[in-house]
Amino acid sequence: MILRSVVVGVSVLSMALAGSRWLRVAQREHYLVDAVSRFALRWWTAGPVNLAGLVLAVAGLVLCAHWPGFAFATLAVVAVGPVGLSLRGRTAPLAWTRRLRTLALVWATLEVGALTGGTVAGEGPLTAAATALAVPALVDLACWLTAPVERRLARAHVARAAARLRRVAPTVVAITGSFGKTSTKGYVAHLVGDSKTVVASPASFNNRAGLARAVNEQLADATEVFVAEMGTYGRGEISELCSWIRPDIAVITAVGPVHLERFGSEARVLEAKAEILEGVSCAVLVVDDDRLAALAQQCAARGTRVWRVSAHDEHADVCVIDDGGVLRVWVRGEVMASELSLDARPGNVAAAVAVALELAVPPATIVARLSTLPASPHRLEKARGTGGVVVLDDTYNSNPAGSRAALATLARLGEDARRRVVVTPGMVELGAVQSEENARFAAEAVAVATDLVVVGRTNRRALMRGAHSAPAGAGPSRVVVVRTRPEATTWVRDHLETGDVVLYENDLPDHYP
Amino acid sequence: MNVTSAKVAVAFGGPSPEHDVSILTGLQAARALSGAQRDVMGLYWTKTGDWYRVDASLEATDFVDGVPRGAQVLQLVTGGEGAGFVAGAGRLGRTRPLPVDAVVNCCHGGPGEDGTLQGALDLVGVPYTGPGMAAAALGMDKLAFAGLVQAAGLPTLPRALLDPGLHGRLGGGSPTRTDAIGFPAPYILKPRFGGSSIGVEVVADLDTALARLDVNPHLRAGAVIEPYREDLFDLNIAALTWPQLELSAVERPLRSTAAAEILGYADKYAGGEGMASAPRELPADLAPPLVARLRDAARAVLRLTDARGMARIDFLSDGESLFVNEVNTVPGSLARYLWVDPPIPFIDILDTLIGEALARPAARHSAAGADGSILRNAGGIAGKLA
C-alpha cells in the first residue's frame, strides 16, 4: 500500500518535469495538435541511449501491472529523458504566456484526473506509469481542447486589426512564397521607404495572429503602404488572411518543397500560395518557375495587372541577373541599373523592384536605394568572424533551392581559401522527400567544401549517406559529426584560420534532436 | 504631495517617427526612478495609439516585436469620476483608474511632443512633466517658432514655408530664381512639424526642393526651407525651468562623418543609449562672450515659448555669429547628459521635473467670466438665427 502511494507521489514529480519539456515543444510548434507526439517519437528514437530508455520505460509499464515497483523504471526514464531535450531550452526558453498557462492548466487537469481515476480504481501504479509516459499525447489532447477557445480569442484581435486596416486604408502588398518572402519584404520596404510611409510586418508575424498583432501595434495612422508577409501551413489559410487584409498587390516569390509534412505535395503548396492572387489588382510573379508562369497567364486572362519578373529572362517585365555577385537590373528590356555589388537573390530583388514601380516610386529613387539594399539577418549574410574567418550566415534558410544558392556563394567566396566548411543540421519539414533532399544537399556540399560538419541527430543519417555517396574524386572532403550547434562553433574556432570560409546552413531550434 | 512618495508613471513610445528613441528615454527614466525606490510604472504608448502598463525594469529589446510580454492593456479616459489610465477594461465592475500622481512624459516627436498628449492629460486632470499644450505645439511648429523668435528680435536664419503650389505660381524658369523664397541656394529642407532630423535634406536649388516635396513622406504634412550654410555648426544648451531657471553647459555635437551635412538621426541615436552616447564636445570650447550671448538668447526663447520642465535650445554658429535654430521641449534622454557643470544625477533632474509637475500643473482651465449674464440676456435662439 505504501509502495503504491509512493509510486503515485513520484509520478507527479516525473510528470511535472516531462510537462515542462513537452509544453515547450508545443509552444515552439505553434500549438499544432499532433506536433508534440510527433516530436516525442522523433526524440525517443534518436540514438541508442534514448531508444534504450524507451524500451525500459515500456517494460516498466508492462511489468508494473503485476509488480508495482517496476513503475519506478518508467517514471525515472520519463523524468530525465529524452537525453538532449533540455528542461529550459537554450535557443528558446519556455515563456509563460497566457496561452501556455491555459494549456498547462488543462494538461495538468487531464493528468490529475487520469491519475485520480486510476488510483480510485485500484490501478494507481499502472495509471501513474501510463500517464507519465503519455505526457506528450496528453499535451496534444490539451492543445486540441483549448484550440476552439484560442480561436475565439484570436477572432477579437483580428476584428480589431481588420477595422484598423479599413480606417488607415494603406495600399497593401502581400508577399508569400515557399522561400524568399522575408528578404523580398525587406527589399520592398527599403525601396519604397524613402518615398512613402511604409510599415512591414515583422518576420515571425506571418500568420493570422501575428499579422493581426502587427496591424494592431504597428500600423500607425499615416501609413501609406503595408507590406504583409503571409506564411501558410495549409489550404485556406491565405484566403482567410486575404479576406480581412485585402491586398492590392500580391507577390509569389517561389514554390518549393517546404512544410511538406503538412501539405502533402508541391501541387498543394502551389494551390495554397495562389490563394493570395484572388481579388488583387496587381500580381508580381517570379516566372522562372513554370507553375508561376502559368499562374501569371491566368491572372492576365482575368484582367489582373501582372508583373512577370525573372532572374534569367531579360525580356521579362523586370529581370535581375546575378553575374558572380554583381547584379544588373532590366526593366521591360532596358537596363535600369548595373554594377550593383550585392549578395541578394536576384529573383527577390526583381520582385521588389516590380512592387516599387507599381507603387509609382520614381526609377531614379529605386536605383539609388538599390545600392544600399540591406542584407536580411541570417539569410546568407556575410561577416568576418573572430580570427579573420569569413562567416556566411544562412541559418534562417531551410529549403533546398536556398541551400544550393548558398553553396554557390561559398564556392565563389572561398575560391582561394584553404578551407571551405559547411556546418548544417540539414533541412526539416520536407515530408517524404526530407531524407532524399538532405542526402542530395550533403553530396553537393562535399563537392564544394573541404569539410562538412553535421549537427545533431535529426538528419544525420541522410546527410552522412549523401556525403559518402559523392562521386570519387570530388575532393578530399572530411565529415565531422557533432551533437549541438555550440559544439560546431567550437570546432570551427579550433580548426579554421584567417581567410577560411564557413557556411552555417540552417539552424534547428533545440527542440529538434 | 511629496516628490519621493508620489506615484509616478513614465510615458513613452507613441505614434511618432521617434517612437523607438522615446522608449530608450522612457526606460532610462523608469530605471533611475525604480533604482531610487520610487513608486513607478511604465506607460507604453504604441505606434497605433494604444496604452499599456509595463514593468519599469524592461529592456529596449523587449519592445523589438511590439508590446512586450506581460503588458496590461489600458484605456485613457477623460472626464468624470473614472478619468485616468483605466485598467481591467472589459472585466465587469473593475474599471478604476490607476493611481497616478504625475506622468513623466518621455514621448519625443509626434503627438507626445506637439501638445496632443498634453491636451489629453489636461482633460484627464493628471499633472505631467515638460511643456504644456501650447508650448509643446509651438515648439513642434518650426515655422511658427521661427516667426516668434524673429519678431522678438532674436538672431535667426530666414525660414520660409515651402508650399507645393509655389511651382505653379512661378511657372517654368531657371532653377536660380530666389526671389520667391527671398534667400539664395543651397537650401536645407525640413519637415515643418517634427522633432528630429528625420526627413531633413540639403538641396542645391529650389526645383530640387520642390521635387523632394513629392517623394519625401516626412515633408508631406508641410515643409520649411532655409539657407544651408556649410560654415555653421550646432550648439545646444539645456534648461530646467523650476524652481528657478537653470542653464546647463553648452554642447557642440560632433558629426560622425565628414560627408554628413547635417547632424543625422543615426549620429544621435545609433549608440543605443540615445542622445547620451552621441559624440560631442562638452562643454564646447567657445569664446566667453559667445557663451554669454547664447545663454541670454536661451533665456529669451524660454520666456517666449513658455517651455516648462526640461527643454533643449539648439543654435547654429560659425564661432562668432549666433542663430536660434529650434527648441526641443521633450529632448532626447531628457537632456540629462548636458548637466556636467556641476554634475546633476538623473534622479535629481527627475525629482525636479516631478516636483514642478505637482507644484504647478501645466493647465488649469478656468470658467471665470462665464457668469451667466450673456445667457440671461440672450433671448430666444430662433431670434438669433433670423
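Heads up: the protein sequence lines correspond to chains A and B, in order.
Numbering-wise (numbering that gives the first Met the number 0), the first sequence opens with residue 0 and increments by one.
Numbering-wise (numbering that gives the first Met the number 0), the second sequence opens with residue 0 and increments by one.
Even for Gly, the Cβ is constructed at its ideal location relative to N, Cα and C.
Item, Value
"Where the beta strand (DSSP E) containing A:Ser337 begins and where it ends", "333-340"
"Helix, strand or coil at B:Gly12 according to DSSP, with G and I counted as helix", "strand"
"Contact with chain A by B:Asp64, beta-carbon distance below 8 Å", "yes"
"Inter-stretch contact (C-beta, 8 Å, three-pair minimum) for the stretch 62-78 of chain A and the stretch 141-153 of chain A", "no"
"B:Gly108 to A:Thr488 span [Cα, whole Å]", "44 Å"
"Beta-carbon proximity of A:Val319 to A:Pro361, cut-off 8 Å", "no"
"Other residues of its chain near A:Arg456: CB distance less than 7 Å, five sequence neighbours each side excluded", "Ala45, Gly46, Pro512"
"Alpha-carbon to alpha-carbon, B:Asp313 and A:Ala315", "52 Å"
"Under 7 Å by beta carbon: chain B residues contacting A:Arg163", "Thr47"
"Closest by C-alpha distance to B:Leu218, when choosing among B:Pro14, B:Ser316, B:Gly198, B:Leu301", "B:Gly198"
"Three-state secondary structure (DSSP) of A:Asn49", "helix"
"Alpha carbon of B:Met309 to alpha carbon of B:Thr328, nearest angstrom", "7 Å"
"Backbone secondary structure at B:Ala385 - three-state DSSP", "coil"
"A:Leu164 to A:Val352 span [Cα, whole Å]", "25 Å"
"Within 9 Å of chain A by C-beta, residues of the stretch 322-350 of chain B in sequence order", "none"
"Continuous beta strand (DSSP E) assignments of at least 3 residues falling wholly in the stretch 276-314 of chain A", "281-285, 304-309"
"Separation of A:Phe262 from A:Tyr232, as counted between CA atoms", "7 Å"
"Cβ contact check for the stretch 395-412 of chain A and the stretch 425-441 of chain A: 3 or more pairs under 8 Å", "yes"
"Minimum Cβ-Cβ distance from B:Arg37 to chain A less than 8 Å", "no"
"Nearest to A:Ala25 (by Cα), restricted to the options A:Pro124, A:Ala75, A:Arg419, A:Ala146", "A:Ala146"
"Residue from A:Ala431, A:Ala350, A:Tyr395, A:Ala227 with nearest C-alpha to A:Asp287", "A:Ala350"
"Residues that B:Pro14 contacts on chain C, provided the C-beta gap is smaller than 9 Å", "Looking for chain C here will not work: the only protein chains present are A and B."
"For B:Ala101, the nearest candidate out of B:Gly13, B:Ala5, B:Asp162 (CA to CA)", "B:Ala5"
"Top-ranked residue by Cα proximity to A:Val549, from A:Ile237, A:Ala133, A:Gly387, A:Cys63", "Look at the range of chain A in this structure, 0 to 512, and you will see that residue 549 of chain A is not part of it."
"Beta-carbon proximity list for B:Ile373, same chain, < 6 Å, skipping 5 on both sides", "none"
"Element boundaries [beta strand (DSSP E), containing B:Gln74]", "71-76"
"Three-state class that DSSP yields for A:Arg418 in the structure shown", "coil"
"Positions along the stretch 215-235 of chain B whose CB lies within less than 9 Å of some CB in chain A", "Asn215, Pro216, His217, Arg219, Ala220"
"Beta bridge counterpart(s) of A:Cys142 as assigned by DSSP", "For A:Cys142, which the question treats as bridged, DSSP gives no partner whatsoever."
"Reduced DSSP category for A:Gly387 - H, G, I as helix; E, B as strand; rest coil", "helix"
"Reference B:Gln74, options B:Gly65, B:Ala59, B:Leu120, closest by Cα", "B:Leu120"
"Beta carbon of A:Ile248 nearer than 8 Å to that of A:Val283", "yes"
"Under 7 Å by beta carbon: chain B residues contacting A:Ser370", "By Cβ distance, chain B contributes nothing, its closest Cβ being about 15 Å from A:Ser370, past 7 Å."
"Residue from A:Gly192, A:Thr483, A:Arg307, A:Ile275 with nearest C-alpha to A:Arg234", "A:Ile275"
"Exposed unless 16 or more other CB atoms sit within 10 angstroms - verdict on A:Val148", "exposed"
"is_contact[B:Arg68, chain A] using C-beta, thresh 8 Å", "yes"
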